Amino acid sequence: MNEIDLTKVDFEKPFMAGLMDGMPGGFFVYRGDETKKIIYANQKLLDIFDCDT
2 MNEIDLTKVD FEKPFMAGLM DGMPGGFFVY RGDETKKIIY ANQKLLDIFD CDT
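Numbered per our numbering, the sequence shown spans residues 2 to 54.
Structural data, given as structure tokens:
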């Protein structure tokens with residue numbers, strides 16, 4: 002099975018944004034290195050933590 006490099010996915014494209022925001026719960030993608038930088042968080046996750054951005 003092929004792995005997908007999520008650091009290169011354009012989450013702003015309508016298909017990807019719709020797919021990720023349509024998930025039934027909170028979802029995020031982060032860098033698995035020492036920075037642990039969040040690359041993407043869907044709207045449901047922002048709602049769970051009461052965040053605007």
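Ideal placement from N, C-alpha and C gives every residue a C-beta, glycine not left out.
Since the structure is predicted, the reported quantities are computational estimates derived from the model, not experimental observations.
Per the DSSP calculation, residue i is bridged to which residue(s)?
i, result
"F29", "A42"
Measure from the alpha carbon of residue i to the alpha carbon of each residue in the options, then state which is nearest.
i, options, result
"I39", "F29, P25, K45 and D48", "F29"
"P25", "G33, Y31, N43 and K37", "N43"
Taking the CB atoms as reference points, tell me whether residue i and residue j lie closer together than 8 Å.
i, j, result
"I49", "G27", "yes"
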